[in-house]
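Colleague: Residue numbers (this note's numbering): 626 to 824. Idealized CB from N, CA, C, for every residue including glycine. Just dropping this structure here.
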Ligand code: GRF
C-alpha cells in the first residue's frame, strides 16, 4: 500500500515508519512526505531516505482550500492510498478530507477523548491524572475527534514533565503507527460508525 506522511515538526513517527518499511512483513511503502513547515526536520528525514518531500507553506496560497488542493494533487500524483498525519499541526479541511476520509489517520498523545488539541501531555499533568497515553484514530472534520483505532495507556509519574511524558508516549506511538498502517493495508480495521474493530 502506498502511503504519504504529513508532518509539521520533528518527524520521529515518520522515522519509525521509514525504519520499518523494509521489514519482511511490511505492507506499506512511503511514497511522499509533505510538510506545512518549510525546514521541518521531517523533510530532512524523508530526503535521507530518498522519499519525495514537499514543503508547502499555507501562506503561499490564497486559501486553505487552494493549499489542500495542492496537497491532494501531490497525493494523487504519487497514487497515495493512505495518509498518516504524524504531528501535522493543522485541522484538515474539506479538500483533503473528501479525498481521503476513511483512509487517513492521526496520532494524538493522550487517551482521547481526554485532552484534545495542543500540549496534551501538559494538559494531562495539569489535570493530575495518573494515566494518560496515546491514540490513533481516523481523521474527521473535528479536532482529534474521529473514530478511535488503537490506544495505549502510559503512567504519569509525579516527576514527569511535558517532555518526559511526551517521550514515554512517543515510544508507544512509534510501534503503534507501524502496526495500524500494516493492519489497514491488510483490511483488518473495520469501521462500524464511530467504533472500529480490529480483526
Ligand atoms: C506526536 O507525539 C503526535 O502524537 C502528535 O505530534 C507528535 C509528533 O511527533 N500529534 P513527531 O513529529 O512524529 O516526532
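Look at residue 747 and residue 798 and say whether their C-beta atoms are less than 8 angstroms apart.
Modeller: Numbered from its first residue, the chain shown carries residue 747 at position 122. Numbered from its first residue, the chain shown carries residue 798 at position 173. It is not a contact, given that the beta carbons lie outside the stated cut-off.
Colleague: Any heavy atom of the ligand GRF closer than 7 angstroms to the Cβ of residue 669?
Modeller: Against the chain shown, residue 669 aligns to sequence position 44. Every heavy atom of the ligand GRF is 7 angstroms or more from the Cβ of residue 669, so no.
Colleague: Take the Cβ of residue 806 as the centre, count every other Cβ of all protein chains shown within 10 Å, and call the residue buried at 16 or more, exposed below.
Modeller: Mapped onto the chain shown, residue 806 falls at position 181. Buried, since its Cβ has 16 or more Cβ neighbours within 10 Å.
Colleague: List in chain order the residues whose CB is within less than 5 angstroms of at least one heavy atom of the ligand GRF.
Modeller: Those residues, listed in chain order, are 634, 635, 636, 637, 638, 711, 712, 732, 734.
Colleague: Along the chain, where does the alpha helix (DSSP H) containing residue 696 start, and where does it finish?
Modeller: As a position in the chain shown, residue 696 is number 71, starting the count at 1. Looking at the DSSP string, the run of the alpha helix (DSSP H) that includes residue 696 is 689-702.
Colleague: What residue ranges within the region 652-687 form continuous beta strand (DSSP E) runs of no fewer than 3 residues, ordered along the chain?
Modeller: The qualifying runs are 654-660, 678-680.
Colleague: Using CA coordinates, which residue listed in 733, 705, 743, 697 is at the minimum distance from residue 722?
Modeller: Counted from its first residue, the chain shown places residue 722 at position 97. It is 697.
Colleague: I'd like the ranges of any alpha helix (DSSP H) spanning at least 4 consecutive residues and lying wholly in the region 763-818.
Modeller: Complete alpha helix (DSSP H) runs here, min 4: 787-810.
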